[in-house]
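This report concerns only the one structure given below.
Number of protein chains: 2
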Amino acid sequence: MKAEIINIGDELLIGQVINSNASWLGEQLNKIGVEVKQVSVISDQHYQILETLKDAEKRADIILITGGLGPTKDDITKQTLCDFFNTKLIFHQPTYEDVEKLFHSRGLKVKEINRRQAEIPENCIPIRNTNGTAPGMWFEKDGKIIVSMPGVPYEMKPMITDFVIPKLVRQFDTHIIYHKTILTQGMGESSITEIINEWENNLPANFKLAYLPQPGIVRLRLTATGDNLIMIREEVENQVRELQRIIPDLIFGYDNDKLEEIIGRLMKDKGLSLATAESCTGGYIAHLITSVPGSSVYFTGSVIAYSNKIKETVLGVKEETLKQYGAVSKQTVVEMAEGIKKLYGTDYAIAVSGIAGPEGGTPQKPVGTTWIAISSSHKTHAQKFLFGEHRGRNIRKAAVTALNELRKVLTRETL
Amino acid sequence: MKAEIINIGDELLIGQVINSNASWLGEQLNKIGVEVKQVSVISDQHYQILETLKDAEKRADIILITGGLGPTKDDITKQTLCDFFNTKLIFHQPTYEDVEKLFHSRGLKVKEINRRQAEIPENCIPIRNTNGTAPGMWFEKDGKIIVSMPGVPYEMKPMITDFVIPKLVRQFDTHIIYHKTILTQGMGESSITEIINEWENNLPANFKLAYLPQPGIVRLRLTATGDNLIMIREEVENQVRELQRIIPDLIFGYDNDKLEEIIGRLMKDKGLSLATAESCTGGYIAHLITSVPGSSVYFTGSVIAYSNKIKETVLGVKEETLKQYGAVSKQTVVEMAEGIKKLYGTDYAIAVSGIAGPEGGTPQKPVGTTWIAISSSHKTHAQKFLFGEHRGRNIRKAAVTALNELRKVLTRETL
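As they're listed, the protein sequences go chains X and F.
In the numbering used here, each number is its position in the first sequence, counted from 1, plus 5.
In the numbering used here, each number is its position in the second sequence, counted from 1, plus 5.
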């Protein structure tokens with residue numbers, strides 16, 4: 006099965022938006038054994054869309070199109086698809102009702118221009134848009150599949166995972182590609198590769214390993230191919246177990262696991278509560294924790310003490326501590342953690358104080374120096390980390406490291 | 006001048022690497038008035054590279070190719086280019102000396118496999134690689150330019166900025182494309198298009214308008230083409246001034262402006278200070294504010310009061326207020342704003358309380374209901390918003406709306 010992706014939108018050609026849709030789509034198709042042979046990025050022009058479609062049709066069995074479905078004048082994909090399939094737009098009542106529902110839920114009236122969102126080519130199967138107004142469209146022509154979807158990722162992605170992928174799997178017998186991603190925290194790519202070198206070299210021929218680093222996290226994607234899903238899955242699980250024996254401390258989860266969700270489950274299960282006291286992370290840890298639905302059950306809140314005065318007056322860090330050791334020190338971060346735990350009355354607390362940069366570094370405490378404390382009813386322990394030079398990445402690294410330190414403490418203490 | 010970009014590499018097709026090269030190249034070419042008409046991402050296969058090149062040659066004046074130049078077996082671009090131009094590889098001594106120098110500087114010896122990096126097609130002008138071993142290659146054929154470069158961004162980028170762009174500018178009289186992006190907050194795409202409909206319809210024929218929505222923000226990208234930069238710039242500025250007259254309240258900035266940076270500049274200029282009291286946004290507003298380098302000058306910190314108890318004990322919201330009006334109410338959010346302003350001793354404060362979802366909605370206060378208060382020394386005013394159903398987007402929408410409300414107050418009060 007060969008696929009091609011066509012991304013429509015001038016914003017992709019002039020460099021205003023990076024084409025993340027193509028790589029995401031490639032990944033999803035890959036998982037079900039469909040090989041993406043080509044990606045074409047083109048502008049919102051009738052002639053070019055038509056020509057690109059015709060070329061892709063000659064080469065591919067499946068064509069996924071994103072973009073150009075908005076209600077405004079610059080979006081012409083729908084009309085072009087009608088010309089390609091030699092059909093016309095019809096008004097689709099169920100789609101219109103979805104649009105109406107969405108507008109009403111926001112207290113708005115449907116305008117004439119939005120009515121046009123419910124017009125679809127006569128020969129398509131509409132795909133519901135659960136996060137917007139423009140429906141996706143599934144076409145079949147001479148045994149080939151052509152799907153057109155909005156370019157906005159959060160509108161397009163559910164269409165792929167809930168509709169397109171299941172329908173493709175049902176319609177075609179695809180070769181099996183099995184992925185498992187092992188999530189690690191606490192060590193860089195090149196250090197990990199040294200430690201797991203022997204294991205990696207001994208992987209069977211149908212296995213492939215990829216290193217996918219993010220700030221503070223390295224994901225190891227293990228891919229195996231074959232014909233029998235049950236056998237492949239077992240082979241992969243065996244290799245993962247082997248890897249767990251080699252780097253048990255680094256692995257915090259698998260596939261789409263998120264540290265903030267893992268922590269959430271641990272706290273919920275044990276009926277525990279949590280607060281954070283943040284300086285250099287500026288609320289980013291609290292943001293990650295509260296991005297999890299239902300986090301209000303265990304997360305009480307946070308004090309962001311960006312100024313030293315607030316560390317003293319609100320969190321109760323002693324004036325002498327700040328004077329003697331400075332804001333970025335073991336002593337201060339421990340007092341921050343114990344201060345917030347007391348003020349918010351929680352079981353656990355995270356405190357972080359560091360120099361995110363670009364300013365504020367000294368030879369003794371260069372940019373990236375960060376103290377992280379985890380406090381529980383048992384004790385408070387603090388650790389020093391040296392991240393990099395980039396402000397945004399330092400904030401992210403400090404946040405994921407803090408969450409992982411809390412996870413380790415929770416796992417130990419609540420066994 | 007029309008250009009096409011060809012990116013070669015399987016890693017781009019299976020979604021392992023996001024194709025950031027294409028958008029970066031598009032931006033660079035755009036700046037010198039070269040319009041990118043198409044981007045093609047293909048795999049390292051002789052036939053596919055050849056076919057894609059032949060197609061692109063029919064449509065474009067300039068073709069930029071990245072990838073497939075490594076020393077390993079899977080990289081076949083160089084041989085394919087020889088076939089395309091009907092020429093052969095020759096050994097290029099100066100390139101070999103560059104390779105040698107690079108290896109010696111790293112304390113390494115040149116291996117036989119790296120010797121091959123100095124082989125280039127006979128008809129090309131080599132482009133020095135200052136950050137790696139594979140040289141770039143500049144070809145000319147029937148008045149068209151074809152450039153092949155490594156796929157590694159830090160090897161490719163200097164070739165473009167130091168060699169390709171200057172040479173293109175010297176060789177061609179390029180046509181000018183001028184972009185200006187107008188950033189709006191507070192209204193959806195379909196409502197804006199209704200209001201600016203007449204202005205949009207009256208845009209000159211050399212103008213194009215695109216709507217680029219993000220959670221809480223709609224960017225309007227105005228593009229004009231022509232021969233004279235000064236004239237085009239003036240035409241665009243005139244149209245933007247006209248638009249400002251139509252939607253003055255919605256526009257908060259231009260091009261790469263960010264709300265948190267605009268606020269930062271306003272506060273710094275006037276020597277003002279700021280704190281936030283956040284409930285449903287869970288620290289995201291503080292995170293945006295502190296993502297700006299130097300924000301510690303005006304940002305004191307935040308209290309994230311996820312639980313009602315903290316709203317009372319730390320922020321000083323009255324028990325009766327919470328009981329009578331609930332946490333998501335005008336009264337509560339006003340007391341939160343005034344409470345944090347007093348506790349942190351700042352000039353301004355933002356407070357937000359809402360129902361981010363997915364749980365917690367009621368018929369009277371559905372998911373998405375959000376109260377935002379801005380407090381200054383003059384007064385505290387609060388406003389109710391109804392966002393959508395998606396937790397992550399509600400948090401983002403509430404945050405950018407709150408920042409924009411603060412910007413409006415700052416602009417009014419500090420005129």
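From the three backbone atoms N, C-alpha and C, an ideal C-beta is built for every residue, glycine too.
In this structure, DSSP gives residue 216 (chain F) an extended state, which the three-state scheme calls strand.
Within chain X, not a single residue places a beta-carbon under 8 Å from that of residue 183 (chain F); the smallest gap is close to 11 Å.
Interface annotation, residue 57 (chain X): in contact with chain F, CB-CB separation under 9 Å. Comparing C-alpha distances from residue 73 (chain X) to each of F:215, F:33, F:106 and F:131 shows the shortest one belongs to F:215. Between residue 288 (chain X) and residue 283 (chain F), the gap from beta carbon to beta carbon is short of 9 Å. Chain order gives the chain X residues near residue 226 (chain F) as 15, 16, 19 and 21, where near means a beta carbon separation below 9 Å.
Put simply, the region 7–14 of chain F does not touch the region 6–16 of chain X. Fewer than three CB pairs are less than 8 Å apart.
The continuous alpha helix (DSSP H) containing residue 241 (chain X) extends over residues 234–251. Within chain F, the C-beta atoms nearer than 8 Å to that of residue 111 (chain X) come from 373, 391, 392 and 393, in chain order.
Residue 334 (chain F) is outside the set of residues whose beta carbon lies under 9 Å from a beta carbon in chain X. Linking residue 387 (chain F) to residue 378 (chain F) through their CA atoms gives a straight-line distance of about 4 Å. Under the rule that a run must span 3 or more residues, the beta strand (DSSP E) segments found entirely inside the region 31–119 of chain F read 40–47, 67–71 and 94–96.
Here residue 236 (chain F) is exposed, its C-beta having fewer than 16 other C-beta atoms within 10 Å.
Judged by DSSP in its simplified three-state form, residue 163 (chain X) adopts helix. Across the structure, residue 339 (chain F) and residue 190 (chain F) are spaced so that their CA atoms are roughly 23 Å apart. Contact with chain F is found for residue 75 (chain X), since one of that chain's Cβ atoms lies less than 9 Å from the residue's Cβ.
Using beta-carbon distances, residue 218 (chain F) counts as an interface residue toward chain X, with a partner under 9 Å. For residue 414 (chain F), no beta strand (DSSP E) encloses it; the enclosing alpha helix (DSSP H) starts and ends at 396–418. CA-CA distance, residue 281 (chain F) to residue 296 (chain F), rounds to 15 Å. Apart from the 5 residues on each side of it in sequence, residue 55 (chain F) sits with its Cβ closer than 8 Å to the Cβ of 85, 88 and 89 in its chain, given in chain order. Closest in C-alpha terms to residue 173 (chain X), from the list X:210, X:323, X:365 and X:39, comes X:39. When C-alpha distances from residue 121 (chain X) are compared across X:143, X:80 and X:151, the shortest belongs to X:80. Annotation for residue 107 (chain F): 138 place their beta carbon closer than 7 Å to its own, counting only its chain and skipping 5 residues before and after. Neighbours of residue 349 (chain X) in chain F, taken as residues at a C-beta separation under 7 Å, are given in chain order as 315. At least 9 Å separates the beta-carbon of residue 267 (chain X) from that of residue 355 (chain X).
Along the region 268–296 of chain X, going in chain order, the ones with a CB nearer than 9 Å to a CB of chain F are 278, 280, 281, 283, 284, 285, 286, 287, 288, 289, 290, 291, 292, 293, 294, 295 and 296. Residue burial is scored here from C-beta neighbours: residue 261 (chain X) has fewer than 16 other C-beta atoms within 10 angstroms and is therefore classed as exposed.
Put simply, the CB of residue 259 (chain X) is far from chain F, with every gap to its CB atoms at 9 Å or more.
Look at residue 264 (chain X): its C-beta is not under 9 Å from any C-beta on chain F.
By the neighbour-count criterion, in which 16 or more other beta carbons inside 10 Å mark a residue as buried, residue 402 (chain F) falls on the buried side. Interface flag for residue 60 (chain F) against chain X is set, since a Cβ pair is found closer than 9 Å.
The Cβ-Cβ distance between residue 49 (chain F) and residue 92 (chain F) does not fall below 9 Å.
Neighbourhood of residue 311 (chain X) in chain F, by CB distance below 7 Å: 295, 301, 304, 305 and 306, in chain order. With a 10 Å radius around the Cβ and a threshold of 16 neighbouring Cβ atoms, residue 370 (chain X) comes out buried.
With fewer than 16 neighbouring CB atoms inside 10 Å of its own CB, residue 166 (chain F) falls in the exposed class. Of all residues in the region 318–347 of chain X, only 318 and 319 place a beta-carbon less than 9 Å from a beta-carbon of chain F.
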